[in-house]
Every structure is written in structure tokens, then in C-alpha cells.
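In the numbering used here, the protein residues as written are 841 to 924.
For reference, the structure is listed below as C-alpha cells.
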């Protein structure tokens, strides 16, 4: 492996480790339906590449799902795909 590539790879690993060490600990308001079902949703996210979550407006889909993904270790590299 060329030295420049080796150095870039080492820098990338260090950056990833720093991001993983600095992850916030999310809180989940129990009043939101998505938070109340986070165990079930987390299991689905762990088992499937794509998960569709349906819920009423205000149920916490947009705010809680990215936090749940972070809590599961997803997105440590910097990306969580979330569409509406």
C-alpha cells in the first residue's frame, strides 16, 4: 500500500474513533409514541436494511428515529438516511 494511502487510511480511522467517542447519549421522551416503541423499532432497524415507520403527525418519527439510529451505533461515520 503506498505511504500516502496508508496515512490517509490511518487519519480516517482516527477520525472515526474520535466521532465514536464523542457520540451524545440521546434521550427519548416517553410521551412520544415512537419513543414508547423504540425497542421494537430498534429490533427492526437491526434486522433490516430498510425500515418504514408510520405514525401520526407529532409521534416523534422525525426527531426520535435519527437518535435511535445513533444509539444503535448507526451513523457514526457521519450519515443517517431519513426520508419523509
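Ideal Cβ positions, reconstructed from N, Cα and C, are used throughout, including at glycine.
| Check | Outcome |
| --- | --- |
| Just to confirm, are residue 856 and residue 916 a CB contact at a threshold of 8 angstroms? | yes |
| Please report the residue range of the alpha helix (DSSP H) in which residue 904 lies. | 901-911 |
| Starting from the Cα of residue 874, find the closest Cα among 888, 914, 854 and 906 and give me that residue. | 906 |
| Do residue 852 and residue 872 count as a contact pair if the criterion is CB distance below 8 angstroms? | no |
| In its own chain, which residues sit with a C-beta less than 7 angstroms from the C-beta of residue 870, not counting the 5 before and 5 after it? | 876 |
| By the 10 Å Cβ neighbour count, where 16 or more other Cβ atoms means buried, how is residue 892 classified, buried or exposed? | exposed |
| Report yes if the C-beta distance between residue 910 and residue 866 is below 8 angstroms; otherwise report no. | yes |
| Using only alpha-carbon positions, find the residue among 924, 887, 885 and 886 that is nearest to residue 895. | 924 |
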